[in-house]
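Written out below as structure tokens is the structure these notes cover.
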Amino acid sequence: MKIFDMHIHGKNTPQDPEALISAWREAGVFGGCVFSAPPKEQQISSGYLGGGSTYEERIAEVRSWTRGYEDRIFPVMWIHPYEENIIENVRRAVKDGVVAFKMSCTNYYIYEERPMAVLREIAKLGVPVIFHTGILWDGKVSSNYNRPLNFEALLDIEGIRFSMGHCSWPWIDECIALYGKFLNALTKGKRVEMFFDITPGTPEIYRRELLTKLYTVGYNMGDNIMFGTDSRADAWRPEWASNWLKIDGEILDDLGISLEYREKLYSKNLMRFLGKGGEGATIEAPVPDNSHIWTAVNPEVKTIIEKWYNKLGIPSIYNAEFKRALEEINISDAINIETYDKTSENGKRNFLSYLFLCEGLEEKYKAKGIPEKILLDTLSDIPVWCATWSYIKGGLYLGELSWLARHLGMKLFRLGRLQFCMADAEHDIPKYGVMCGDPVIEVHIPEGEKLDLAACEESVNAAREFFKTYFPEYDYKCFTCHSWLLDDTLKNYLPENSGIVRFGDMFDKVENEQSDAILKYLFRWDTTSLTLKYATPTSSLGEKVKKAHLGGVKFYETLGVIER
-18 MKIFDMHIHG
-8 KNTPQDPEAL
2 ISAWREAGVF
12 GGCVFSAPPK
22 EQQISSGYLG
32 GGSTYEERIA
42 EVRSWTRGYE
52 DRIFPVMWIH
62 PYEENIIENV
72 RRAVKDGVVA
82 FKMSCTNYYI
92 YEERPMAVLR
102 EIAKLGVPVI
112 FHTGILWDGK
122 VSSNYNRPLN
132 FEALLDIEGI
142 RFSMGHCSWP
152 WIDECIALYG
162 KFLNALTKGK
172 RVEMFFDITP
182 GTPEIYRREL
192 LTKLYTVGYN
202 MGDNIMFGTD
212 SRADAWRPEW
222 ASNWLKIDGE
232 ILDDLGISLE
242 YREKLYSKNL
252 MRFLGKGGEG
262 ATIEAPVPDN
272 SHIWTAVNPE
282 VKTIIEKWYN
292 KLGIPSIYNA
302 EFKRALEEIN
312 ISDAINIETY
322 DKTSENGKRN
332 FLSYLFLCEG
342 LEEKYKAKGI
352 PEKILLDTLS
362 DIPVWCATWS
372 YIKGGLYLGE
382 LSWLARHLGM
392 KLFRLGRLQF
402 CMADAEHDIP
412 KYGVMCGDPV
422 IEVHIPEGEK
432 LDLAACEESV
442 NAAREFFKTY
452 FPEYDYKCFT
462 CHSWLLDDTL
472 KNYLPENSGI
482 VRFGDMFDKV
492 ENEQSDAILK
502 YLFRWDTTSL
512 TLKYATPTSS
522 LGEKVKKAHL
532 GGVKFYETLG
542 VIER
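Just so we're aligned, residue -18 is where the sequence shown starts under the numbering used here, counting upward by one.
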């Protein structure tokens, strides 16, 4: 998905488009609009230093920023309606390649005769206007010029397209109401269109309120919202942009905003605004008393989640909670396992999200020709960890997100009794020529069945064939297993023919590490050495381990190797 920053200020400083693009690249941004420095009249009226710029200086500035990069850097000229020869200047600017105009009402109202005449000319030329709106930090009494309802006057300018910078913060409700009026006018045949520019201006604590209102008020807004940063072209800050993209992304995830509308927010709406193509807008009249008609949530997402809830055989005891969660929580089809917050403690949202992500994984399996049985066997860990964490939390909950991300990231596969994960070695193993970071295949042991030696050996053989067939490019060194099940201490508490003992003997054991991991697997998942005395054993091995551990016996996680 391409990301454009539609709100970048030039300062009439040396122009270096390559440096700007390099900074964009750090934040994952592809392109954007660069504004010229303000005109002289703007400087005088708003108290900027430097005296402002002439028409020639402004056009030279934006052309220097954009020349050779017309597909990604778009020139915008800042104008003042009371500058000399303004009508002629806007005509010349369009001929010189300017794609939009920037205006900031610092000492005039937009509905005055001269500004309206300028805007009529701009509308005839077919280019849009980017307005500053909302409070203006210029040290002057000027904010009242930028109240949203002043811009209602633009209803009388046929063909105008304009954006409201910063969504008019702190008057965002007024700005949204104004959009409703312009949307209504569109449905009545007027060619006037308003866009939202969500460039920060809203402090972070107001950001959620703004995006929630924009995307859930129910007015048809998704085709008219654009992203910007309010950065400088000569000092564009990747960390600033990345932070706002992260903040907005998390809010959009929580709102369930679809991939379709995110692509519009970050690129397609700007292209349409600038007259550079893009999809047409969907226009529906707002309904004042029942506004919740339009939605930016993909309705297919809930159907997909339900499909995987049933397909994975989630126990019916969770049905009621699942249905409530599905009704109350919106999941976006834009989420992906790579960027999902693995530390999230919103168990219900995690559960729904991971079920949705199963759909994309299924497509990847099909593309590689991996049998569906392997997919379903692999994903059977989701019900396991849902049950484990729901028991701990006392309600529907999915934990172990980093672990399950291996499944959904197509790194881990269940092949028969065992699981196998493509991973980087976490230890140096000199005996086998393995260095930390080398590719290996980790062996993991899912719960639910006895450790039958023949079944385990069959799994390892199946893994050799599986990775050779479906991932021939993965040149792994060996199989490794780092587990409490390989601890030779267990031989003191198990018979020689025990499945655990025989499984452990499949491996060449090369390293021990003292660990209480065994407690999590033999008792409740949240059991520790501090709570062990209160834990209830559910097996004879659990009884023996509890007594031994409380008596001071140390247990280990052991690293074992099976040759490739």
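The C-beta atom is built at its ideal place from N, Cα and C for all residues, glycine as well.
Check: Whole-number beta carbon distance between Tyr457 and Pro411, since they are thought to touch under 8 Å; Outcome: Actually they are not in contact, since the Cβ atoms of Pro411 and Tyr457 sit about 17 Å apart, beyond 8 Å.
Check: Any 3 or more C-beta pairs closer than 8 Å across the region 365 to 383 and the region 338 to 345; Outcome: no
Check: C-alpha distance - Gly256 paired with Val79, whole-angstrom precision; Outcome: 12 Å
Check: Cβ-based neighbour list, Lys283, same chain, cut-off 6 Å, excluding 5 preceding and 5 following; Outcome: Leu307
Check: Distance, Val278 Cα to Ser85 Cα; Outcome: 34 Å
Check: Cβ pair count under 8 Å reaching 3, the region 125 to 134 against the region 153 to 169; Outcome: yes
Check: Start and end residues, beta strand (DSSP E) containing Trp59; Outcome: Ile54 to Trp59
Check: Beta-carbon proximity check, Gly397 vs Glu439, cutoff 8 Å; Outcome: yes
Check: Element boundaries [beta strand (DSSP E), containing Thr539]; Outcome: Tyr537 to Glu544
Check: Cβ contact (3+ pairs, closer than 8 Å) linking the region 96 to 116 and the region 63 to 78; Outcome: yes
Check: Same chain only: Cβ atoms within 6 Å of Met391, ignoring 5 sequence neighbours per side; Outcome: Lys345
Check: Cα-Cα separation, Thr548 to Leu475; Outcome: The shown model of the chain, from -18 to 545, leaves out residue 548, and the question about it has no answer.
Check: For Ile138 and Ser239, the rounded distance between their alpha carbons; Outcome: 33 Å
Check: Leu503 in three-state terms, based on DSSP; Outcome: helix
Check: Buried versus exposed, by CB contacts within 10 Å (16 or more), Pro19; Outcome: buried
Check: Between the CA atoms of Gly418 and Leu471 - distance to the nearest angstrom; Outcome: 30 Å
Check: Short Cβ contact (8 Å threshold) for Gly541 with Val491; Outcome: yes
Check: Collapsed DSSP secondary structure at Lys525 in the structure displayed; Outcome: helix
Check: Entirely enclosed alpha helix (DSSP H) segments - the region 468 to 518, minimum 4 residues; Outcome: 480 to 485 and 498 to 503
Check: DSSP-derived helix/strand/coil call for Thr(-6); Outcome: coil
Check: Segment contact flag, the region -4 to 5 with the region 29 to 49, C-beta cutoff 8 Å, min 3 pairs; Outcome: yes
Check: Assumed close pair His(-10), Gly146 - CB separation to whole angstroms, cut-off 8 Å; Outcome: Incorrect: roughly 11 Å between the Cβ atoms, too far for contact.
Check: C-alpha distance - Tyr515 paired with Cys459, whole-angstrom precision; Outcome: 40 Å
Check: Inter-stretch contact (C-beta, 8 Å, three-pair minimum) for the region 301 to 315 and the region 218 to 238; Outcome: yes
Check: Burial state of Asn473, where buried means 16 or more other Cβ atoms lie within 10 Å; Outcome: exposed
Check: Cα-Cα separation, Leu117 to Ser123; Outcome: 7 Å
Check: Segment contact, 8 Å Cβ cut-off, at least three pairs: the region 375 to 384 with the region 355 to 367; Outcome: yes
Check: Selection from Val110, Lys(-17), Ser3 and Ser361 that minimises the alpha carbon distance to Ala216; Outcome: Ser3
Check: Start-to-end residues for the beta strand (DSSP E) that takes in Glu174; Outcome: Glu174 to Asp178
Check: Collapsed DSSP secondary structure at Leu546 in the structure displayed; Outcome: The structure shown does not extend to residue 546, since the chain spans only -18 to 545, so no value can be given for it.
Check: Length of the line joining the Cα atoms of His463 and Leu434; Outcome: 18 Å
Check: Where Val548 sits in the DSSP three-state scheme; Outcome: This structure gives no information on residue 548, because the portion of the chain shown stretches from -18 to 545.
Check: Paired residues, beta bridge with Ile298 - DSSP; Outcome: Ile298 is not bridged to any residue.
Check: Local conformation of Thr461 per DSSP, three classes; Outcome: strand
Check: Start and end residues, alpha helix (DSSP H) containing Lys194; Outcome: Glu185 to Thr197
Check: CB contact flag (Phe484, Leu522, <8 Å); Outcome: no
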